[in-house]
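See structure below.
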Amino acid sequence: MKKLKNILLILFCFLTMLALYWEIIDYHNLHKINVEKRNIPTLLVSGDYGNWLTFGPLSRRYLRYHLSNEVVVVHLTKGNHIKTNKPLNNLKKNTLILVIFSLNKHYQKESKQLSGLMRELLSKYGINEVNLVGHSAGCNVIYRYLTRFYKNQPKKYPKTLKYINMATDYNNYERKLATNFPEHIKVLNIISEMFNWHTDGVIKVINAEKFKNMVGKHDSYSQIVLHGGINNLHYLLHQNPYVDRIIAKFLWQ
Numbered sequence: 005m006k007k008l009k010n011i012l013l014i015l016f017c018f019l020t021m022l023a024l025y026w027e028i029i030d031y032h033n034l035h036k037i038n039v040e041k042r043n044i045p046t047l048l049v050s051g052d053y054g055n056w057l058t059f060g061p062l063s064r065r066y067l068r069y070h071l072s073n074e075v076v077v078v079h080l081t082k083g084n085h086i087k088t089n090k091p092l093n094n095l096k097k098n099t100l101i102l103v104i105f106s107l108n109k110h111y112q113k114e115s116k117q118l119s120g121l122m123r124e125l126l127s128k129y130g131i132n133e134v135n136l137v138g139h140s141a142g143c144n145v146i147y148r149y150l151t152r153f154y155k156n157q158p159k160k161y162p163k164t165l166k167y168i169n170m171a172t173d174y175n176n177y178e179r180k181l182a183t184n185f186p187e188h189i190k191v192l193n194i195i196s197e198m199f200n201w202h203t204d205g206v207i208k209v210i211n212a213e214k215f216k217n218m219v220g221k222h223d224s225y226s227q228i229v230l231h232g233g234i235n236n237l238h239y240l241l242h243q244n245p246y247v248d249r250i251i252a253k254f255l256w257q
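Now the structure itself:
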C-alpha cells in the first residue's frame, strides 16, 4: 500500500511539474501578442469523436491572455437542431465558436450540418464574416462545406475570410473539389512531424503537404511544417503552445 502511495505521489508531482512547464511556455508564447479586435467570430471544428476537450482548453487560453473576448459552444444534434450555451447575437470581438457535433464521426453529414449553422449565423444573427479553424477530420468538414455549399451559394452564408487547415489529408473525391475552393480565402496549412518520423502519428507529412497542390496556387495560401517531439503528436497539436501562437497571429494580426 505504501509503495502504491509513493508511486501516486511521484506521478502527481510529475503531472504538476508538467502542467507548470506548459503554463510557462503558454505565457511566453501568448502574453506579448498584440492582436486586432474585430467583430469577426472564429468557428473551431474538431475531428472524429471530437468534443469540448479538443478546442475548449485552447479557447480558455485565448481568453486568459485577452486574445479573445468570448467563447460560445454550439451543439449540432442528430436532428439538426442548434443548441448554444449563450446567445449568438451581439457577440463580442474575437469571439470563438466551438462547434460540437452529436454525429461526430461522419464528416459528410457534419459538413451539411455546418452549412445549416452558417446559414443561420447570417440570416438570424446578421454575422456577415467568419474565420474557420479545423483539426484532423474537422478540416474535411470545413473543406466540404466550402467547396460544396458555400461556393455554390455564397450569398446565403457569411463570407469566410481565413481558414486554418491543421493535421489532415484529403481523399481523391475531395481533391477533385479543389477547383471549387473560394480563391479569396486566406489559408494556413499547419503540418506536424514528430521525432523526424515524417508523420504526426496519424497523418503523413507527404500527404498533408498535398493540400498545397489543391489550393496553394492562390497567393493567399501559406504553409508551415512543425518539427518536434511528443508535443507534435496529432492528438496534442491543438494543445501545443507554439501552435496557439501561430493560430492567434494568423487570425488576428
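Those letters in the sequence shown? Residues 5 to 257, by the numbering used here. Heads up, the beta-carbon is just placed ideally off N, CA and C, and yes, glycines get one too.
Quiz prompt | Closest residue to Ala-182 among Val-49, Leu-241, Glu-114, Asn-144 (Cα-Cα distance) | solution = Here the closest residue by C-alpha is Asn-144.
Quiz prompt | Between the CA atoms of Pro-245 and Pro-186 - distance to the nearest angstrom | solution = Their backbone Cα atoms lie some 30 Å apart in a straight line.
Exercise. Would you check if the region 61 to 71 and the region 83 to 90 touch, i.e. whether three or more CB-CB distances between them fall below 8 Å?
Key: Cβ pair count under 8 Å is below three, so no.
Quiz prompt | Neighbourhood of Leu-150 by C-beta, 7 Å cutoff - its chain only, sequence neighbours within 5 removed | solution = So the qualifying residues of the chain are Thr-164, Phe-185, Pro-186.
Quiz item: Secondary structure at Ser-119, three-state DSSP: helix, strand or coil?
Solution: Helix.
Quiz prompt | For His-139: DSSP bridge partner residues | solution = Met-170.
Quiz item: Skipping 5 residues on each side, what residues in its chain have a beta carbon closer than 6 Å to that of Lys-160?
Solution: By the criterion of a C-beta distance shorter than 6 Å, Lys-160 is surrounded in its chain by Arg-123, once the five residues flanking it on both sides are discounted.
Practice problem: List the endpoints of the continuous beta strand (DSSP E) containing Val-247. | Solution: Per DSSP, Val-247 lies in no beta strand (DSSP E) segment; the continuous alpha helix (DSSP H) that holds it begins and ends at 245 to 256.
Practice problem: Quick one: which unbroken beta strand (DSSP E) runs of 3-plus residues sit fully inside the region 146 to 233? Chain order, please. | Solution: Counting only runs of 3 or more, we get 163 to 170, 190 to 198, 225 to 232.
Exercise. Can you grab the Cα-Cα spacing for the pair Ser-72 / Lys-90, in whole Å?
Key: Roughly 16 Å between the two C-alpha positions.
Self-check item: Under the three-state DSSP convention, the category Leu-19 falls into
Solution: Per-residue confidence for Leu-19 stands at a pLDDT of 48, beneath the threshold of 50, marking its modelled position as unreliable; no derived number is given.
Quiz item: If you run the structure through DSSP and keep just helix, strand and coil, what is Ile-14?
Solution: Helix, per DSSP.
Quiz prompt | Ile-104 beta carbon less than 9 Å from that of Leu-125 | solution = Taking 9 Å as the Cβ cut-off, Leu-125 and Ile-104 do not qualify as a contacting pair.
Quiz prompt | Residues bridged to Phe-105 (per DSSP) | solution = Looking at the DSSP output, Phe-105 bridges to Leu-80.
Quiz item: Rounded to a whole number of angstroms, what is the C-alpha to C-alpha distance between Lys-96 and Ile-14?
Solution: Looking at the two C-alpha atoms, the distance is approximately 43 Å.
Quiz item: From Leu-48 to Val-137, what distance separates their C-alpha atoms?
Solution: Roughly 5 Å between the two C-alpha positions.
Quiz item: Would DSSP call Lys-87 helix, strand or coil?
Solution: Of the three classes helix, strand and coil, the one that applies to Lys-87 here is strand, per DSSP.
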